[in-house]
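Down below is the structure, laid out as structure tokens.
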Amino acid sequence: MPLKNSKNKRIFCVWVNGKGPAKISQVLKKKGESVEILGVFIGQGDEKRNLNVEVQHAADNTKSRVIVRGILSDKANIDFRGNVKIDKGARGSDAHLEAKAILLSEQARGRLEPYLEIDENDVRATHATYAGPLDENEIFYVRSRGLSQSEAQKLLVEGFLKIVVKNLSPKEQRLVNLQLARLR
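Here it is, written out as structure tokens:
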């Protein structure tokens, strides 16, 4: 979804009900160009999904922000690979790559691999990943406020996904909420 300035893009992705690969690739070729990629995935049953996100900074002062969040239950499996490449000469580039997954069962698996390939010195590049269960201390805290175990989990899952979901269209938000309801 392009913003008013055509050099700036926002891409929203929702991956649910499926198996197989998905790929997003962006090349920032113009000075000052930017892209924001926000994605959410929900896996259940024995779903297996491969997600690849690639961003190449090929010009000065380009900016990328990739944030992908997901929830996996049952025996669902995600294999996420994010690759941000900053070419030689792409001075002043700014990149952030983040992929996080909450595993709601011991059989769920999340493999999240961030790669930063940097061939220029004058840049800012960061990454973050996490794949694991909900924090027991957070569950305890929420439960101490009178919520049940399942209500506490639901609240924490919704909060975890909010950074992405709040930017989705109403139709996509309903799809995510429907899938979350099926996890319970």
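Numbering follows this note's numbering, with no gaps: position 128 of the sequence shown is 277. Glycine included, each C-beta is placed from N, C-alpha and C at the ideal position.
- Distances from the alpha-carbon of Glu-247 to those of Glu-300, Leu-332, Glu-185 and Lys-224 put Glu-185 closest.
- For Ile-312 against Ile-251, the beta-carbon gap comes to about 13 Å, at or over 8 Å, which does not count as contact.
- Among the bridge pairs identified by DSSP, Leu-200 is matched with Ala-171 and Phe-229.
- Leu-261 is positioned such that its CB atom lies closer than 8 Å to that of Phe-229.
- Around the C-beta of Gly-308, fewer than 16 other C-beta atoms lie within 10 Å, and the residue is accordingly described as exposed.
- Straight-line spacing of the CA atoms in Ala-280 and Ile-227 works out to 10 Å.
- Per the coordinates, the alpha-carbon of Leu-324 lies some 31 Å from the alpha-carbon of Ser-293.
- With at least 16 other beta carbons inside 10 angstroms of its own, Thr-211 counts as buried.
- Taken in chain order, the unbroken stretches of alpha helix (DSSP H) that lie wholly in the segment 221-302 and span 4 residues or more are 285-292.
- Secondary structure note for Glu-185: its beta strand (DSSP E) is the uninterrupted segment 183-192.
- The segment 197-210 makes contact with the segment 235-246, as at least three CB pairs between them are under 8 Å.
- Look at Val-314 here: in three-state DSSP terms it is helix.
- Taking Gly-188 as the centre and dropping the five residues before and after it, the same chain places the C-beta of Cys-162 and Val-217 closer than 6 Å to its C-beta, in chain order.
- One alpha carbon belongs to Lys-172, the other to Arg-240, and they sit about 27 Å apart.
- The DSSP-derived three-state label of Val-165 is coil.
- Residue nearest to Gln-175 within the set Phe-190, Arg-214, Arg-198 and Ala-330 is Arg-214 (criterion: CA-CA distance).
- Asn-157 carries a strand assignment under DSSP once its states are collapsed to helix, strand and coil.
- C-alpha of Leu-296 to C-alpha of Ala-274: approximately 40 Å in a straight line.
- For the set Asp-195, Tyr-264, Asp-271 and Arg-331, the Cα lying nearest the Cα of Gly-231 is the one of Tyr-264.
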